[in-house]
Amino acid sequence: MAQITSGIRSILSHPAIYNFTQNFLGVRKARRLLVRDFFPKDKGLRILDIGCGTAEILEFLPEDIHYVGFDASPEYIEQARSRFGHRGKFFADLVNSAHLDHLGKFDVVLAFGVLHHLDDPEASTLFDIAAQALDQDGQVITVDPCFAPGQSSIAHWLIAHDRGQDVRDEKGYTELASAHFGDISSTLRHDLLRVPYTYQIMVSAKHV
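Following this note's numbering, the numbering of the sequence shown begins with 62 at its first residue and continues without gaps.
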């Protein structure tokens, strides 16, 4: 996993500081719009959140979902359990095929802000795991900072200095998904944060 966790970026390893920074930048709005505009509206959705962080997405998800979150940070998972323990299951681990044998199939696999921390082989593994986890009609939703032509110079600078060291352009992300999924939709948003920033939101499904 290619990311910088030293220097000033190290403070983001602390859940409270991470959440404060996210909320200050306006990531709550991004999560809310993601759920509103990109999640299926079916009741009782089964959601696998890979790299769930402190699971703040649950603030915007309906009560009737079945949620499972994985994150490599025990500190983030502890915070998630403290606030949302009644809403789902949380694991301080990297999700793998062995976990899926016990968890069953999902309608949605979410990876919010994960791909840009992964090199190509690691990202391919994530999509492979996601494909295994999905029900036949399910979908993978990924959200990541993205380099884009004509984007704000401030956005480009902020994205270039992200902890994740594998930020890609739109084509780079879609090519990763296309090796595993036949139906891919990509959207660029420049208006989700309080500061200039570009997110790519990608929805990938098995069917065409």
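We treat Cβ as the ideally placed atom computed from N, Cα and C, and that holds for glycine.
Just so it is clear, the structure is predicted and the values come from calculations on it, not from any experiment.
CB contact flag (residue i, residue j, <8 Å)
i      : j      : result
Tyr270 : Pro206 : Beyond the ends of the chain as shown, which are 62 and 269, falls residue 270; an answer cannot be given.
His217 : Phe208 : yes
Ala116 : Ala141 : yes
Gly149 : Gly130 : yes
Phe242 : Val201 : yes
Lys267 : Ala159 : no
Classification of residue i by the beta-carbon crowding that lies within 10 angstroms, buried from 16 upward
i      : result
Gly68  : Legend: pLDDT at Gly68 = 38, less than 50; position of this residue unreliable, no value from coordinates given.
Asp110 : buried
Ser71  : The predicted position of Ser71 is uncertain, since its pLDDT is 44 and thus under 50; a value taken from the coordinates is nonetheless stated next. Label assigned to Ser71: exposed.
His177 : buried
Asp252 : exposed
Thr82  : exposed
Ala91  : buried
Residue i versus the options, residue with shortest Cα-Cα distance
i      : options                        : result
Asp272 : Ile111, Arg255, Val228         : There is no way to answer for residue 272, as the model of the chain reaches only from 62 to 269.
Val96  : Val170, Ala141, Tyr234         : Val170
Ile190 : Asp198, Ala172, His178         : Ala172
Arg144 : Val156, Leu155, Ile118, Pro210 : Ile118
Gly165 : Gly174, His127, Pro135         : His127
Arg224 : Glu231, Leu237, Gly174         : Gly174
Asp198 : Arg107, Gly87, Ala91           : Arg107
Glu120 : Pro135, Gly146, Glu139, Leu254 : Gly146
Rounded distance between the beta-carbons of residue j and residue i, thought under 8 Å
i      : j      : result
Val256 : Ile220 : About 11 Å separates the two Cβ atoms, so there is no contact after all.
Phe167 : Leu187 : The Cβ separation is near 14 Å, so there is no contact.
In chain order, which beta strand (DSSP E) runs of at least 3 residues are fully inside the segment 197-266? Entirely contained in the segment 197-266, the beta strand (DSSP E) runs reaching 3 residues are, in chain order, 244-250, 260-266.
Of all the beta strand (DSSP E) runs that stay within the bounds of the segment 102-169, which reach a length of 3 or more residues? Every beta strand (DSSP E) stretch that sits fully inside the segment 102-169 and reaches 3 residues is listed by chain position as 107-111, 127-132, 149-153.
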